[in-house]
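The opening position of the sequence shown corresponds to residue 961 in my numbering, with each subsequent residue numbered one higher.
All C-beta atoms in this analysis are idealised placements derived from N, C-alpha and C, irrespective of residue type, glycine included.
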Amino acid sequence: MEVCYKCGKPADFICPDCGNKICRAHMEKRYAGPDRGFKSRFMCPSCWKKKQVKLNQDMINAREYKPKTYIYGK
């Protein structure tokens, strides 16, 4: 199970650009007003600091994410 890089709680999203695992509490808000029907309301905090916009609709869902496992044999 993936955990948030800031608090250690279960992560909700994995950013495909920077690879950070983030929970909803530590995501950066895209829009502070009432729900207007946007697909995504949050952005990656690391990419946001670098002036890049990476919305949560483009991120990998961490709860359903299964990393690839490699089995080496003879």
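- Task: Select from 971, 976, 964, 967 the residue whose C-alpha is nearest the C-alpha of residue 1013.
- Result: As a working mapping, residue 1013 is identified with position 53 in the sequence shown. For residue 1013, the nearest C-alpha among the options comes from 976.
- Check whether the Cβ atoms of residue 988 and residue 970 lie closer than 8 angstroms to each other. Looking up residue 988 in the sequence shown gives position 28. Looking up residue 970 in the sequence shown gives position 10. Result no, Cβ atoms of residue 988 and residue 970 do not sit closer than 8 angstroms.
- Could you give the residue range of the alpha helix (DSSP H) that holds residue 983? The residue given as residue 983 occupies position 23 in the sequence shown. Where residue 983 is concerned, there is no enclosing alpha helix (DSSP H), given that its DSSP letter is neither H nor E.
- Message: Could you compute how far the alpha carbon of residue 1007 sits from the alpha carbon of residue 978?
- Response: Working through the sequence shown from its first residue, we reach residue 1007 at position 47. Working through the sequence shown from its first residue, we reach residue 978 at position 18. Cα to Cα, the separation comes out at about 7 angstroms.
- Item | Close-in-space but distant-in-sequence residues of the same chain around residue 964 (CB under 7 angstroms, 5 per side omitted) | One-based indexing of the sequence shown puts residue 964 at position 4. Within the same chain, residue 964 has close Cβ partners 971, 981, 982, 983, 986.
- Item | Of the listed residues 961, 974, 1033, nearest to residue 1015 (C-alpha basis) | The residue you call residue 1015 lines up with position 55 of the sequence shown. The option with the nearest alpha carbon to residue 1015 is 974.
- Query: Taking buried to mean at least 16 other C-beta atoms within 10 Å of its own C-beta, is residue 998 buried or exposed?
  - Reply: Along the sequence shown, one-based indexing puts residue 998 at 38. It counts as exposed.
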